[in-house]
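These notes concern the structure reproduced below.
Number of protein chains: 2
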Amino acid sequence: MGGPRFEPVRAVRAYERVVEQIEEAIEGGTLCPGQRLPSERELMVQFSVSRSTVREALRVLQARGLVRSRPGDPHGAEVLPFSPAALHKSMTTLARVAELSLAELVQFRMVLDSSAILLAARLRTDEQLAEMDTAVIRMRAAVEAGGDDFGACDVAFHDAVARASGNKLIQICTDVVRSIVLDLISEKIAGAPDGEALMRQSIRHHEEVIAAVRTGDGPLAARLTRQSMYDYYAGYVPPAERAALRALLE
Amino acid sequence: MGGPRFEPVRAVRAYERVVEQIEEAIEGGTLCPGQRLPSERELMVQFSVSRSTVREALRVLQARGLVRSRPGDPHGAEVLPFSPAALHKSMTTLARVAELSLAELVQFRMVLDSSAILLAARLRTDEQLAEMDTAVIRMRAAVEAGGDDFGACDVAFHDAVARASGNKLIQICTDVVRSIVLDLISEKIAGAPDGEALMRQSIRHHEEVIAAVRTGDGPLAARLTRQSMYDYYAGYVPPAERAALRALLE
DNA sequence: GTAAATTTGTCCGTATGTATC
DNA sequence: TGATACATACGGACAAATTTA
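Sequence order for the protein chains is A and B.
Take the first sequence: its letter number 117 is residue 117 in UniProt numbering, and every next letter is one higher.
Take the second sequence: its letter number 14 is residue 14 in UniProt numbering, and every next letter is one higher.
Structure follows, in structure tokens:
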């Protein structure tokens, strides 16, 4: 019984072979960020394909955020340093085509940010704690100055927390999801600008969180984070979907 | 002071304009999955660009998982239904170029899966609970049958949990991260195949989790999930990095 | 500061294998 | 089965942009 087991062969286009080879070279470390690819004309010689094929491959690599090519650049396409831009892009389209609700995105933020703060409370260095302190001080200063920079300082705080979690993936994903959420409700926020009272309440929450981090009480910091995030975003979520958010509160 | 605020203009290539327009049509719902794009020759007329430009745009859209084109297809490129393939791809390259450690990935899984089970414990329907039960029953059957299908049944369980969480984003991300983790340690797992004892212990863990879900005790189910995941994966993580994983246990 | 050389962006034409009718 | 239309891939060409001498 049996006989040889053949694997299905997918017709692989020429440009895909080019993409694969360059991709492996970059991911494998043969090509480092800042280095240059050969020019298109040289690539067509090395791969024995036409320039159209080379260009299609470069477009794909560019869409994946691995390289960038500029017209007239005699050094060839540049290998880019790591950037979450591609992840950001695919998650944004995901949110649209999968019709993710704001509630789902906020819920995901609650999960990620509360996990980040829990880890930060247990693994942070004193220096990282100082960075969070600084961010909150700047938030307070921003309120006094009129509140224009409040949002940016808030982002700085959450980014400091994410870094202190010690997990790059958590840091990247919190950043990506946060910006998607903010994009979704930016119109509504512009319509109902942050009242000074709301900002002061947010600062109070942040100070409580920092206090919990200072004492190393991770679960408390996580709980406070989920609660303050719910308080802040629930108003933008349809009432019927708020129950799902509350499922993350105790 | 002031004067008009000008925005920096990036030189936008022709193929990008084509990508943007088709992308908006798909994300906006004008083009639905299953529908076809006009042929390349027709697209070059509608956009007033050359064939090469149209093709580069289609390559980008294909890389983002939005369309697929086959040679000879007289209906033109097909608009694809939603798929997390693009997200999977960008997160995989992210793991490589950002040099994510196995510990970071496992930690992220612990966060996501424990959050999913917490939500499932509070929001699940009886039908979804039955699906989890079925998955565990199949896991037990798989062990009796030799254990070949054990991994697949385990995946089915975690997928049922993710679905019961009610959050599509959590469902997608758990799936993506799980497959990346499994890819990373597939060699080691093949070298040290699941012992029957390990499988039985895993089943016992799953049954405890289900019991907690049945009684609606989300925090307990989440804690059990993190613990069993740590027990399962810690052996593959360098000892120095295990402390970060233990930070998620209480 | 200017001009030359190279590269990318774009266009056009053609040949070939393939899927559909 | 054949005819048609399609995507794939090739090669040549020109303009715009950039670097460099």
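We treat Cβ as the ideally placed atom computed from N, Cα and C, and that holds for glycine.
### Query
Do we get a CB-CB distance below 8 Å when we pair G76 (chain A) with the residues of chain B?
For the purposes of this step, residue 76 (chain A) is identified with residue 76 of the first sequence, where counting begins at 1. It does not; no Cβ of chain B falls within 8 Å.
### Query
Among A:G146, A:V60 and A:M229, which one has its Cα closest to the Cα of H158 (chain A)?
Residue 158 (chain A) sits at position 158 when you count from the first residue of the first sequence. Comparing Cα positions, the closest option is A:M229.
### Own chain partners of Y233 (chain B) with C-beta closer than 6 Å, once the 5 adjacent residues on each side are dropped
Numbered from its first residue, the second sequence carries residue 233 (chain B) at position 233. Cβ neighbours of Y233 (chain B) beyond the five flanking positions: V106.
### Task
Determine, using beta-carbon pairs with one atom in the segment 65-83 of chain B and one in the segment 36-54 of chain B, whether at least three such pairs fall under 8 Å.
yes
### Task
Decide if G195 (chain B) is buried, meaning its Cβ has at least 16 other Cβ atoms within 10 Å, or exposed.
If you number the second sequence from 1, residue 195 (chain B) lands on position 195. Per the 10 Å Cβ criterion, exposed.
### Message
DSSP three-state label for R68 (chain A), please.
### Response
One-based indexing of the first sequence puts residue 68 (chain A) at position 68. Note: R68 (chain A) maps to strand in three-state DSSP.
### Query
So, using beta-carbon positions, are S114 (chain B) and I170 (chain B) closer together than 8 Å?
Locating residue 114 (chain B) in the second sequence gives position 114, counting from the first residue. Locating residue 170 (chain B) in the second sequence gives position 170, counting from the first residue. No, they are not a contact pair.
### Query
Of all the CB atoms in chain B, is at least one closer than 8 Å to the CB of R17 (chain A)?
Position 17 of the first sequence, counted from the first residue, corresponds to residue 17 (chain A). Output row for R17 (chain A): interface = no.
### Task
Would you mind reading off the limits of the alpha helix (DSSP H) that contains R59 (chain A)?
Mapped onto the first sequence, residue 59 (chain A) falls at position 59. Element bounds for R59 (chain A): R51 to A63.
### Task
Using the Cα positions of L102 (chain A) and P38 (chain A), report the straight-line distance between them to the nearest angstrom.
Numbered from its first residue, the first sequence carries residue 102 (chain A) at position 102. Numbered from its first residue, the first sequence carries residue 38 (chain A) at position 38. Their Cα atoms are separated by approximately 44 Å.
### Message
Less than 8 Å between CB atoms is the rule here; does P38 (chain A) satisfy it with respect to chain B?
### Response
On the first sequence, residue 38 (chain A) is found 38 positions in, with the first residue counted as 1. So, not an interface residue.
### Query
Would you say I170 (chain A) reaches chain B, if we count a Cβ-Cβ gap shorter than 8 Å as a contact?
Counted from its first residue, the first sequence places residue 170 (chain A) at position 170. Yes, because at least one Cβ of chain B sits closer than 8 Å to the Cβ of I170 (chain A).
### Query
Which residues mark the beginning and the end of the alpha helix (DSSP H) in which P239 (chain B) is found?
Translated into the one-based positions of the second sequence, residue 239 (chain B) becomes position 239. Taken as a continuous stretch (DSSP letters only), the alpha helix (DSSP H) holding P239 (chain B) covers P239 to R246.
### Query
For D231 (chain A) versus A121 (chain A), is the C-beta spacing smaller than 8 Å?
One-based indexing of the first sequence puts residue 231 (chain A) at position 231. One-based indexing of the first sequence puts residue 121 (chain A) at position 121. In this structure, A121 (chain A) does not lie closer than 8 Å to D231 (chain A) by Cβ.
#### Entry: From A:T125, A:M91 and A:V60, residue whose alpha carbon lies closest to that of I22 (chain A)
Taking the first sequence and counting its residues from 1, the one referred to as residue 22 (chain A) is at position 22. Checked all of A:T125, A:M91 and A:V60; the closest Cα to I22 (chain A) is A:V60.
### Message
According to DSSP, R36 (chain B) sits in a beta bridge with which residue or residues?
### Response
Taking the second sequence and counting its residues from 1, one reaches residue 36 (chain B) at position 36. Partner(s): B:E78.
### Query
For H158 (chain A), is the beta carbon positioned less than 7 Å from some heavy atom of the ligand SAH?
Ligands in the displayed structure: none, and consequently the ligand SAH is not present.
### Query
Quick one: what does DSSP say P219 (chain A) is sitting in, helix, strand or coil?
What you label residue 219 (chain A) is simply residue 219 of the first sequence in a count that begins at 1. If DSSP states are grouped into helix, strand and coil, P219 (chain A) belongs with the helices.
### Alpha carbon of S52 (chain A) to alpha carbon of R51 (chain B), nearest angstrom
Locating residue 52 (chain A) in the first sequence gives position 52, counting from the first residue. Locating residue 51 (chain B) in the second sequence gives position 51, counting from the first residue. The alpha-carbon atoms of S52 (chain A) and R51 (chain B) are separated by roughly 10 Å.
### Query
Out of curiosity, what's the CA-to-CA distance linking D183 (chain B) and A14 (chain B)?
Position 183 of the second sequence, counting from 1, holds the residue named residue 183 (chain B). Position 14 of the second sequence, counting from 1, holds the residue named residue 14 (chain B). C-alpha separation (whole angstroms): 38 Å.
### Query
Between the C-alpha atoms of R214 (chain B) and A164 (chain B), what's the straight-line distance to the nearest angstrom?
Taking the second sequence and counting its residues from 1, one reaches residue 214 (chain B) at position 214. Taking the second sequence and counting its residues from 1, one reaches residue 164 (chain B) at position 164. Cα to Cα, the separation comes out at about 13 Å.
### Query
So, is M1 (chain B) buried or exposed, given that buried needs 16 or more other C-beta atoms within 10 angstroms?
Taking the second sequence and counting its residues from 1, the one referred to as residue 1 (chain B) is at position 1. A caution first: M1 (chain B) carries a pLDDT of 46, below 50, which makes its placement in the model unreliable, though a value can still be read off. Exposed, since its Cβ has fewer than 16 Cβ neighbours within 10 Å.
### Task
Could you tell me which chain A residues have their CB closer than 9 Å to the CB of A211 (chain B), listed as they occur along the chain?
Counted from its first residue, the second sequence places residue 211 (chain B) at position 211. Within chain A, no residue comes near A211 (chain B); the closest Cβ sits about 19 Å away, beyond 9 Å.
### Query
If contact means a Cβ-Cβ distance below 8 Å, which residues of the segment 21-35 of chain A contact chain B?
E23, I26 and E27
### Query
If you run the structure through DSSP and keep just helix, strand and coil, what is T225 (chain A)?
On the first sequence, position 225 is the one that residue 225 (chain A) refers to. T225 (chain A): helix per DSSP, three-state reduction.
### Task
Please check if any C-beta of chain B sits within less than 8 Å of the C-beta of A244 (chain A).
What you label residue 244 (chain A) is simply residue 244 of the first sequence in a count that begins at 1. Taking Cβ atoms only, chain B reaches closer than 8 Å to A244 (chain A), which makes this a yes.
### Query
Is the beta carbon of I180 (chain B) less than 8 Å from the beta carbon of M91 (chain B)?
Here residue 180 (chain B) corresponds to residue number 180 of the second sequence, with the count starting at 1. Here residue 91 (chain B) corresponds to residue number 91 of the second sequence, with the count starting at 1. Yes, Cβ-Cβ distance for I180 (chain B) and M91 (chain B) is below 8 Å.
### Query
Which word fits T93 (chain B), buried or exposed, when buried means at least 16 other C-beta atoms lie within 10 angstroms of its C-beta?
If you number the second sequence from 1, residue 93 (chain B) lands on position 93. T93 (chain B) comes out buried.
### Query
Taking the runs of the alpha helix (DSSP H) that are 4 residues or longer, which of them lie wholly in the segment 181-214 of chain B?
196-214
### Query
Can you give the beta carbon distance from A244 (chain B) to L123 (chain A), rounded, assuming they're within the 8 Å contact cut?
Here residue 244 (chain B) corresponds to residue number 244 of the second sequence, with the count starting at 1. Here residue 123 (chain A) corresponds to residue number 123 of the first sequence, with the count starting at 1. At roughly 7 Å, the Cβ-Cβ gap stays under 8 Å, so A244 (chain B) and L123 (chain A) are in contact.
### Message
Less than 8 Å between the C-beta atoms of A135 (chain B) and A156 (chain B), yes or no?
### Response
What you label residue 135 (chain B) is simply residue 135 of the second sequence in a count that begins at 1. What you label residue 156 (chain B) is simply residue 156 of the second sequence in a count that begins at 1. Yes; because the gap between Cβ atoms is below 8 Å, this pair is in contact.
### Query
Cα separation between G29 (chain A) and A57 (chain B)?
Taking the first sequence and counting its residues from 1, one reaches residue 29 (chain A) at position 29. Taking the second sequence and counting its residues from 1, one reaches residue 57 (chain B) at position 57. C-alpha separation (whole angstroms): 28 Å.
### Query
Are there 16 or more other CB atoms within 10 angstroms of the CB of P71 (chain A), so buried, or fewer, so exposed?
Walking along the first sequence from the start, residue 71 (chain A) turns up at place 71. Its Cβ having fewer than 16 others within 10 Å, P71 (chain A) is exposed.
### Message
Please tell me whether V176 (chain A) has its Cβ less than 8 Å away from any Cβ of chain B.
### Response
Start at 1 with the first residue of the first sequence, and residue 176 (chain A) comes out as number 176. Taking Cβ atoms only, chain B never reaches closer than 8 Å to V176 (chain A), which makes this a no.
### Close beta carbons around L31 (chain A), own chain, < 6 Å, minus the five adjacent residues each side
For this step, residue 31 (chain A) is matched to residue 31 along the first sequence. For L31 (chain A), where only same-chain residues beyond five positions count, the Cβ hits under 6 Å are A25 and V79.
### Query
What's the gap between the Cα of F47 (chain A) and the Cα of V18 (chain A)?
Taking the first residue of the first sequence as 1, we reach residue 47 (chain A) at position 47. Taking the first residue of the first sequence as 1, we reach residue 18 (chain A) at position 18. When rounded, the distance between both Cα atoms is 7 Å.
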